[in-house]
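Asks:
In our numbering, the protein residues as written are 9 to 369.
(1) Which residue spans inside the segment 70–105 form an unbroken alpha helix (DSSP H) run of at least 4?
(2) If you drop the 5 nearest sequence neighbours on each side, which residues of the same chain put their C-beta closer than 7 angstroms to that of residue 301?
(3) I want to know whether the segment 204–219 touches the segment 274–281 - three or more CB-CB distances under 8 angstroms.
(4) Just how far apart, CA to CA, sit residue 91 and residue 85?
(5) With DSSP run on the structure shown, which of helix, strand or coil describes residue 293?
(6) Using the Cα positions of residue 39 and residue 111, report the straight-line distance between them to the nearest angstrom.
(7) Need the endpoints of the alpha helix (DSSP H) that residue 351 sits in, please.
(8) Counting along the chain, where does the beta strand (DSSP E) carrying residue 334 start and finish?
(9) Within 10 Å of its beta-carbon, does residue 48 have 16 or more other beta-carbons around it, so buried, or fewer, so exposed?
(10) Does the beta-carbon of residue 129 have 16 or more other beta-carbons within 10 angstroms, so that it is buried, or is it exposed?
(11) Under 6 angstroms Cβ to Cβ from residue 107, same chain only, skipping five residues before and after it: list those, please.
(12) What are the residues that DSSP puts in a beta bridge with residue 287?
(13) Three-state secondary structure (DSSP) at residue 45?
(14) Using only CA atoms, which one of 28, 72 and 251 lies nearest to residue 288?
(15) Since residue 71 and residue 30 are thought to touch, with beta carbons under 8 angstroms apart, how far apart are those beta carbons, to the nearest angstrom?
(16) DSSP has residue 129 in a bridge; who is on the other side?
(17) Report the rounded CA-to-CA distance for residue 105 versus residue 179, giving the unit in angstroms.
(18) Could you tell me if residue 323 is buried or exposed, where buried requires 16 or more neighbouring beta carbons within 10 angstroms of its beta carbon?
(19) How big is the Cα-Cα spacing for residue 151 and residue 175?
(20) Could you pull the DSSP bridge partners for residue 178 from this structure?
(21) Keeping to the same chain, check which residues put their C-beta closer than 7 angstroms to that of residue 115; ignore five residues upstream and five downstream.
(22) Using C-beta distances below 6 angstroms, list every residue in its chain close to residue 94, excluding the 5 sequence neighbours before and after it, in chain order.
(23) Kindly say whether residue 355, judged by its beta-carbon, lies nearer than 9 angstroms to any beta-carbon of chain B.
(24) Taking buried to mean at least 16 other C-beta atoms within 10 Å of its own C-beta, is residue 201 buried or exposed?
(25) Do residue 283 and residue 186 have their C-beta atoms closer together than 9 angstroms?
(26) Can you give the Cα-Cα distance for residue 172 and residue 126, rounded to whole angstroms?
Structure follows, in structure tokens:
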């Protein structure tokens with residue numbers, strides 16, 4: 009049986025609750041009053057008595073005023089007053105229940121809408137630390153010679169691949185607010201490459217095409233392990249793991265000694281566009297990322313010597329990306345060759361996806 013917490017209602021008139029923000033409380037009180045007045049006017053199974061309604065209305069008014077909202081002007085104070093009001097305003101009789109329902113909606117509906125607007129503002133503020141700029145396109149999964157890119161229209165920031173376009177994929181459809189899911193990737197792939205096949209067959213073909221863009225065993229292990237999640241219930245609605253994404257294009261050669269401003273990382277190993285609008289970069293580091301290759305030994309082995317310069321370039325680029333709003337996670341190539349690497353990768357993605365769910369309004 010429902011029972012009002014009188015002490016709680018009274019305390020709301022004098023200040024917010026310690027564990028529940030006023031916005032959350034205002035939404036709950038608006039719903040309570042709306043549902044109870046509608047129940048009184050249509051089914052006569054309201055939960056609150058007149059005294060409890062008076063307390064709820066006073067608490068509701070106080071909370072709304074703290075939020076800077078104008079409380080609704082109710083022409084009655086409680087259920088008995090509502091009954092007198094509808095009798096005096098031609099809302100009686102068997103068919104009057106609809107008029108009484110519309111009356112309550114007219115009185116409390118604007119308040120509910122104002123609270124929903126505040127919730128949306130608060131929700132959007134949770135994204136304020138997201139990456140700068142607007143999603144334009146993805147150039148990814150190159151197989152063979154890398155694409156050569158030019159800025160065709162500097163005003164509109166339109167890029168064009170002038171060589172080796174056939175070796176890579178380009179996703180330029182609008183990016184939904186919930187990130188880029190595997191289902192959306194498959195739909196794009198069907199529309200542009202396999203228009204006459206069903207979704208499961210198209211998904212398999214897209215996966216194989218993405219897998220072909222990877223030439224290292226650790227990277228293949230990451231993609232293969234993550235993509236098993238697509239087969240789970242609702243797996244197609246998970247963020248797509250996009251391999252070999254061109255982050256930027258640097259037309260200057262890094263071999264030039266004079267060119268100290270060249271960008272050192274043109275392609276990232278994997279990108280996730282998460283439901284909370286995070287852009288997550290995942291890198292798999294082989295020895296060549298932080299060491300210089302030594303001449304092959306007499307035993308045929310390839311070894312590397314640690315390079316402070318390469319390491320510094322790598323962490324400097326990480327800093328730059330983080331400051332623009334990207335998240336970066338690194339795996340060492342060695343840890344992904346161990347027998348337990350699939351479990352390690354799976355556990356990582358479980359925690360990552362949990363962390364980057366869409367915020368609840």
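The C-beta atom is built at its ideal place from N, Cα and C for all residues, glycine as well.
Replies: Checking against the coordinates, here is how it stands:
(1) 87–96
(2) 310 and 312
(3) no
(4) 11 angstroms
(5) strand
(6) 15 angstroms
(7) 349–363
(8) 334–340
(9) buried
(10) exposed
(11) 99
(12) 281 and 334
(13) helix
(14) 251
(15) 5 angstroms
(16) Partner(s): none; residue 129 has no beta bridge.
(17) 53 angstroms
(18) exposed
(19) 5 angstroms
(20) 147
(21) 80 and 82
(22) 108
(23) Of the protein chains in the structure, only one exists, and it is not chain B.
(24) exposed
(25) yes
(26) 49 angstroms
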